[in-house]
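Protein chains in written order, with our numbering: chain A, 1 to 113; chain B, 114 to 227.
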Amino acid sequence: GENVEQHPSTLSVQEGDSAVIKCTYSDSASNYFPWYKQELGKGPQLIIDIRSNVGEKKDQRIAVTLNKTAKHFSLHITETQPEDSAVYFCAARRNFGNEKLTFGTGTRLTIIP
Amino acid sequence: ETGVTQSPTHLIKTRGQQVTLRCSSQSGHNTVSWYQQALGQGPQFIFQYYREEENGRGNFPPRFSGLQFPNYSSELNVNALELDDSALYLCASSSYTGVRETQYFGPGTRLLVL
Chain A
1 GENVEQHPST
11 LSVQEGDSAV
21 IKCTYSDSAS
31 NYFPWYKQEL
41 GKGPQLIIDI
51 RSNVGEKKDQ
61 RIAVTLNKTA
71 KHFSLHITET
81 QPEDSAVYFC
91 AARRNFGNEK
101 LTFGTGTRLT
111 IIP
Chain B
114 ETGVTQSPTH
124 LIKTRGQQVT
134 LRCSSQSGHN
144 TVSWYQQALG
154 QGPQFIFQYY
164 REEENGRGNF
174 PPRFSGLQFP
184 NYSSELNVNA
194 LELDDSALYL
204 CASSSYTGVR
214 ETQYFGPGTR
224 LLVL
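Below is the structure:
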């Protein structure tokens, strides 16, 4: 089955600097890669997603890049703000079958004011 | 907010008991997936329901079962609770219309088994 690895597990960044979180996946049949933000006591919230037919997608301060050949994708957050502090999860889904998402182990991002 | 609601928010049970968790999907969504999130880990797929039928299952024993109702809401039932079942249980809804769309998660139910 699919295996998603995520690094780093913790990340501290000065406010205003950029943060980068990286994930690798094992199943070449995966074609959809969402990123979720989870705040304490809440469910995961989708922040951005990318499908395998594009290499990069951007939404204001957040961007995701995908390298299908190397099977890795990354989340980039620029001009970080204190409200960006949370746990971030990457996930992967295959292009057939059911909706199963395979998640990474999460990155705890702390923005230092 | 995603429009996905779950009840109850918290629950305490003892080992061997049974529990039922509930999920109301976002309006217009016909697919519900359930995930288990242990402390400090990513969510793990339990199973998915599409149009009232199970459509895929993760690596969970048969004592984890579910239902989906005609209004697309769903239940997760766990029998013979074990200590390791303590976790946050998340449901996610999506809309399958020939193209699989994004999943939106509810706030979760936190289950503690003593």
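Glycine is no exception: its CB is placed at the ideal position from the N, C-alpha and C atoms.
Between the segment 13–40 of chain A and chain B, which residues of the former have a C-beta closer than 8 Å to a C-beta of the latter? Against chain B - using a Cβ distance shorter than 8 Å - the residues of the segment 13–40 of chain A are Tyr32, Pro34 and Tyr36.
- Item | Beta-ladder partner(s) of Pro34 (chain A), from DSSP | Residue pairing for Pro34 (chain A): DSSP places it in a beta bridge opposite A:Asp49.
### Query
Which residues bound the beta strand (DSSP E) around Gly179 (chain B)?
In the DSSP annotation of this structure, the continuous segment of the beta strand (DSSP E) that includes Gly179 (chain B) starts and ends at Phe177 to Gln181.
Pairwise C-alpha distance: Asp17 (chain A) and Ile112 (chain A):
Going from the Cα of Ile112 (chain A) to the Cα of Asp17 (chain A) covers about 10 Å.
field: Assigned secondary structure, Asp84 (chain A) (DSSP; H/G/I helix, E/B strand, else coil)
entry: In the structure shown, Asp84 (chain A) falls within a helical segment according to DSSP collapsed to helix, strand and coil.
Using a Cβ-Cβ cut-off of less than 8 Å, give me the residues of the segment 152–173 of chain B that come near chain A, in sequence order. Contact annotation: in the segment 152–173 of chain B, residues whose CB is within less than 8 Å of a CB in chain A are Gly153, Gln154, Gly155, Pro156, Gln157, Phe158, Gln161, Tyr163, Asn168, Gly169 and Gly171.
By the DSSP assignment, the beta strand (DSSP E) with Asn160 (chain B) in it spans what residues?
In the sequence on display, residue 160 (chain B) carries Phe and not Asn. Note, Phe160 (chain B): beta strand (DSSP E), Gln157 to Tyr163.
Suppose contacts are defined by Cβ-Cβ distances below 8 Å. Is Arg61 (chain A) in contact with Tyr32 (chain A) by that definition? Between Arg61 (chain A) and Tyr32 (chain A), the C-beta spacing is not below 8 Å.
key: Start-to-end residues for the beta strand (DSSP E) that takes in Leu189 (chain B)   = In this chain, the beta strand (DSSP E) harbouring Leu189 (chain B) covers Ser187 to Val191.
Would you mind sorting Val226 (chain B) into buried or exposed? The rule is 16 or more other CB atoms within 10 Å of its CB.
-> For Val226 (chain B), the number of other beta carbons within 10 angstroms of its own is at least 16, and it is reported as buried.
Original post:
Whose C-beta lies closer than 6 Å to the C-beta of Gly55 (chain A) among residues of the same chain, with five residues either side of it excluded?
Top reply: Correct list, in chain order: Leu66.
Check your understanding: Would you say Lys58 (chain A) faces chain B, with C-beta separation under 8 Å as the test?
Key -> No, because no Cβ of chain B sits closer than 8 Å to the Cβ of Lys58 (chain A).
Discussion item. Could you tell me the alpha carbon to alpha carbon distance between Gly106 (chain A) and Gln38 (chain A), rounded to whole angstroms?
Written reply: Whole-angstrom Cα-Cα distance: 9 Å.
Exercise for review: With Ala205 (chain B) as the anchor, note down where its beta strand (DSSP E) starts and where it stops.
Suggested key: Segment Ala200 to Ser207, the beta strand (DSSP E) holding Ala205 (chain B).
Q) List, in order along the chain, the chain A residues whose C-beta lies closer than 7 Å to that of Thr144 (chain B)? A) The answer, in chain order, is Glu99.
- Message: Please report the straight-line C-alpha distance between Gln131 (chain B) and Leu40 (chain A), rounded to a whole angstrom.
- Response: Just so you know, the alpha carbons of Gln131 (chain B) and Leu40 (chain A) end up roughly 27 Å apart.
Closest residue to Ile99 (chain B) among A:His76, A:Asn98, A:Ser30 and A:Pro44 (Cα-Cα distance) | Because chain B is modelled from 114 through 227, residue 99 (chain B) falls outside the range shown and cannot be assessed.
Q: Please say whether Val191 (chain B) and Asp197 (chain B) have beta carbons closer to each other than 8 Å?
A: Not in contact: Asp197 (chain B) and Val191 (chain B) (Cβ atoms no closer than 8 Å).
Residues, ordered as in the chain, of the segment 196–219 of chain B that lie near chain A by beta-carbon distance below 7 Å = Within the segment 196–219 of chain B, the qualifying residues are Leu203, Ser207, Arg213, Thr215, Gln216, Tyr217, Phe218 and Gly219.
* Rank B:Lys126, B:Tyr209, B:Ser207 and B:Ser120 by C-alpha distance to the C-alpha of Cys136 (chain B) and give the top, closest one. => Selected option, being the one with the closest Cα: B:Ser120.
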